[in-house]
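**Student:** I'd like to ask some things about the structure below.
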Amino acid sequence: MKQAPQKIWKVITASSVGTMIEWYDFYIFGMLAKTISIQFFPEGNPTAALLSTLAVFAAGFIVRPFGALFFGRLGDLIGRKYTFLLTLVLMGGSTFLIGFVPGYKTIGMAAPALVLILRLIQGLALGGEYGGAATYVAEHAPENKRGLYTSWIQTTATLGLFVALTVILLVKLNMSDIDFNAEWGGWRYPFWISILLVLISIYIRLKMKESPLFIKLKEEKKTSLNPLKESFSNKNNFKMVLLALFGAVMGQGVIWYTGQFYAQNFLETKCNIEFEQSRTILLWAIAFATPFFIFFGWLSDKIGRKWIMLLGMLLGILTFRPIFGTFLKNSSTQNLVIIAENPVLQTTSFLFPDSITTTKTKVVFNNGMGAVQLKSDTTSSLDFVDSNIPQSRSAIIYTDKQLSNSMYWKFVGLVFLLIFYVTMAYGPIAAFLVELFPTKIRYTSMSLPYHIGNGVFGGMVPFIGLLLTTTFPSDPLVGLWYPIGIAALCFVIGLIYLQNKIDKNVND
Amino acid sequence: MKSIKKYLGIVWLLLAPIIIYLLIQGALDNINLAGKKDINNPVIWIIIIAIFTPIAVGLMIFGWYAFKNEYSHLPESSKEIED
């Protein structure tokens, strides 16, 4: 399928920008989850808690794969262009509207109910977007550049994360926490900004033509009449769907999630690194690693897709624990000496029989790391009565750690490595999936394994991590065994069952 | 390689019920209506078991196909898939 260079870049731009915006829309909800839960899902209300659970879990786990089936079928029936235009409108519209839903304080239970509905529409739209964009670009690409051109689609998930982080960080740094978290505060700006991005993308996509391969099928009256049935009840195709899921996408999904979301969450909650540093570390790492999506897409056109994807998984399997262990070790305050301290606040509260004095102090350690020290001294009046001497118990925790300059860049380097693995596992996968399935059921067949692999297996990383940490509390890295195990299983299946062949002809 | 593909199929076949068992056991051990963590929440467990059960069945089917030598030759063209 030869295209003029100018035209193929229009195709890539129109597809990639829209897909990136969809990822942005999906991520801002997750990144602002804490503020959103305060505004819409107040604690202590069991119905609101149920709706909150559904908004977080159902949108990713159930609705994304369902969206893949629904829009995949539509894309194979009416065409790629109008289907992924529809997903963009649904995603942009629902994101924009979330920004306008009044809080629970104003409209009560209608607030969480509306947010849940809009979040489910987001999940549905995301499920339909990726398969369409990847298929659309691949069906315009020449056979020797399919990996390279579709790799632009592969950058969009990471770039969507990058833009979401940047917008939230910029808004948050330009106002106080109170202004940001207010009912109509700054947290809504990222949702409103979305509509501008979506309108631009809709305008670009409207000007695009349908995929030439789909037009050809339509002219020959060879489009599928029932893509779902042909995808999943035809044994020859269904076995390829299963192979794609268990031999490639399942492992890629956990590598992706661990390298980006889990890493940032780990830095913030386990290493207690302050808000701005934990985010800028990820932003730098993404900026440095993103070009490698293109590089590995290009390389996959030369040497095949299989070994690049599997090597990305293998590196994750072998180095996740050492890398996350280094994060913990290097952010630990054990054996460090405080060389400067500046008390900022002292409060005393009484809770019979105890009086608790909390001292907040900014400290600097001898390795250059800064932190906020929270020291609580508890004095029990009962202990005093028993022994005639007041018994005081102290507890010290360090939060909002600020890494020294050299340690900061070391962490950037380590997160870069994690995202580098993502670029290997994820960069060539669109071309790999496109080549696995025939044109007339391609959208349906590739969308489902993609969203199960990424939405379900990837999305389970924090939940299973928490489950493992609760079951085996002595090992702070135990949560990593889930992504390591899934990636290892996928690596073995991929190694044994996948071919490294590049399909020259995707026109059939 | 052909026989490795075939006999590993049994492993995938057996792995699927083990995964379902572990999930159900995990749910029974951790569901706690008074608890505040995600793993104490029965709704989340219901969603996860409901979505993972068909995936585990898919792994069993994958194992069965592997055992029946369905993956000894992968299709070279779409015609082979559609036939």
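Going line by line, the protein sequences match chains A and B. Here my numbering is used: the first residue of the first sequence is 118, the next is one more, and so on. Here my numbering is used: the first residue of the second sequence is 21, the next is one more, and so on. A virtual CB, placed ideally from N, CA and C, is assigned to each residue, including glycine. Values in this document were obtained by computation on a predicted structure and should not be read as measured data.
Examine chain A for any beta-carbon lying closer than 8 Å to the beta-carbon of Phe82 of chain B, and answer yes or no.
**Tutor:** yes
**Student:** Can you give me the Cβ contacts of Val529 of chain A inside the same chain, cut-off strictly under 6 Å, excluding the 5 residues immediately before and after it?
**Tutor:** Here the set comprises Ile398, Trp401 and Ala402.
**Student:** How many angstroms separate the CA atom of Ala230 of chain A from the CA atom of Ile317 of chain A?
**Tutor:** 30 Å
**Student:** CB Leu345 of chain A to CB Leu243 of chain A, shorter than 8 Å?
**Tutor:** no
**Student:** Nearest chain A C-beta to Leu79 of chain B closer than 8 Å, yes or no?
**Tutor:** yes
**Student:** Taking only beta-carbon atoms, is Leu28 of chain B less than 8 Å away from chain A?
**Tutor:** yes
**Student:** Check the C-beta distance from Tyr87 of chain A over to Trp373 of chain A and give it rounded, since I have them as a contact under 8 Å.
**Tutor:** Nothing can be reported for residue 87 of chain A, as the shown portion of chain A is limited to 118 through 625.
**Student:** Quick one: using the 10 Å Cβ neighbour count with 16 as the cut-off for buried, is Asn459 of chain A buried or exposed?
**Tutor:** exposed
**Student:** Three or more beta-carbon pairs under 8 Å between the stretch 244-259 of chain A and the stretch 193-200 of chain A, yes or no?
**Tutor:** As far as the Cβ criterion goes, the stretch 244-259 of chain A touches the stretch 193-200 of chain A, which means the pair count is three or higher.
**Student:** Report the rounded CA-to-CA distance for Asp142 of chain A versus Leu431 of chain A, giving the unit in angstroms.
**Tutor:** 31 Å
**Student:** Just the C-alpha distance for Asn60 of chain B and Phe412 of chain A, rounded to the nearest angstrom, thanks.
**Tutor:** Taken atom to atom, the span from the alpha-carbon of Asn60 of chain B to that of Phe412 of chain A is near 43 Å.
**Student:** Would Leu362 of chain A count as contacting chain B if we go by Cβ distances under 8 Å?
**Tutor:** So, interface residue.
**Student:** Exposed or buried, which one is Thr267 of chain A when buried takes at least 16 other CB atoms within 10 Å?
**Tutor:** buried
**Student:** Evaluate the contact criterion for the stretch 544-560 of chain A versus the stretch 358-378 of chain A: three or more CB pairs, one atom per stretch, below 8 Å.
**Tutor:** They touch, by the three-pair rule.
**Student:** With H, G and I counted as helix, E and B as strand and the rest as coil, what does DSSP make of Val218 of chain A?
**Tutor:** coil
**Student:** Looking at chain A, is there any beta carbon in it that lies within less than 8 Å of the beta carbon of Leu94 of chain B?
**Tutor:** Cβ-Cβ to chain A under 8 Å: yes for Leu94 of chain B.
**Student:** Smallest Cα separation from Gly575 of chain A: which of A:Leu359, A:Gly376 and A:Arg396?
**Tutor:** A:Gly376
**Student:** How about the stretch 293-308 of chain A and the stretch 212-228 of chain A: do they share at least three Cβ pairs that are nearer than 8 Å?
**Tutor:** yes
**Student:** Between which two residues does the beta strand (DSSP E) harbouring Ile473 of chain A extend?
**Tutor:** Asp471 to Phe482 is the extent of the beta strand (DSSP E) around Ile473 of chain A.
**Student:** Between Leu25 of chain B and Ala86 of chain B, is the Cβ-Cβ spacing less than 8 Å?
**Tutor:** Per the sequence shown, the amino acid found at residue 25 of chain B is Lys instead of Leu. Yes. Within cutoff.
**Student:** Taking the runs of the alpha helix (DSSP H) that are 4 residues or longer, which of them lie wholly in the stretch 261-323 of chain A?
**Tutor:** 263-290, 294-298 and 306-323
**Student:** Once you ignore the five residues that flank Leu286 of chain A on each side, which residues in its own chain have a CB closer than 6 Å to its CB?
**Tutor:** Arg396
**Student:** Give me whichever residues DSSP pairs with Ile610 of chain A in a beta bridge.
**Tutor:** BP columns for Ile610 of chain A are empty, so no partner.
**Student:** Once you ignore the five residues that flank Val280 of chain A on each side, which residues in its own chain have a CB closer than 6 Å to its CB?
**Tutor:** Tyr141
**Student:** Going by alpha carbons, who is nearest to Pro259 of chain A out of A:Thr450, A:Asp418, A:Thr478 and A:Ile440?
**Tutor:** A:Asp418
**Student:** In the DSSP assignment, find the alpha helix (DSSP H) that holds Glu246 of chain A and state where it starts and stops.
**Tutor:** Ala227 to Ala255
**Student:** Along the chain, where does the alpha helix (DSSP H) containing Ala402 of chain A start, and where does it finish?
**Tutor:** Phe392 to Ala406
**Student:** Name the residues in the stretch 343-360 of chain A whose C-beta lies less than 9 Å from a C-beta of chain B; which are they?
**Tutor:** Glu347, Asn351, Lys352, Asn353, Asn354, Phe355, Lys356, Met357, Val358, Leu359 and Leu360
**Student:** So with CB distances below 8 Å, who are the chain A contacts of Asn61 of chain B?
**Tutor:** Thr170
**Student:** Using the beta-carbon count (16 or more within 10 Å), is Pro555 of chain A buried or exposed?
**Tutor:** buried
**Student:** According to DSSP, simplified to helix, strand and coil, what is Gln451 of chain A?
**Tutor:** coil
**Student:** Any beta carbon from chain B within less than 8 Å of Val627 of chain A's own beta carbon?
**Tutor:** Coverage of chain A is limited to positions 118 through 625, which leaves residue 627 of chain A absent and any answer about it impossible.
**Student:** One question on the structure: do Ile558 of chain A and Ser328 of chain A come within less than 8 Å of each other, judged by their Cβ atoms?
**Tutor:** no
**Student:** Between which residues of its own chain and Asp58 of chain B is the CB-CB distance below 8 Å, once the five residues before and five after are set aside?
**Tutor:** Setting aside the 5 residues that flank it on each side, Asp58 of chain B is surrounded in the same chain by Ile64, each with a C-beta closer than 8 Å to its C-beta; the list follows chain order.
**Student:** Under a three-way DSSP split, which group does Asp620 of chain A fall into?
**Tutor:** coil
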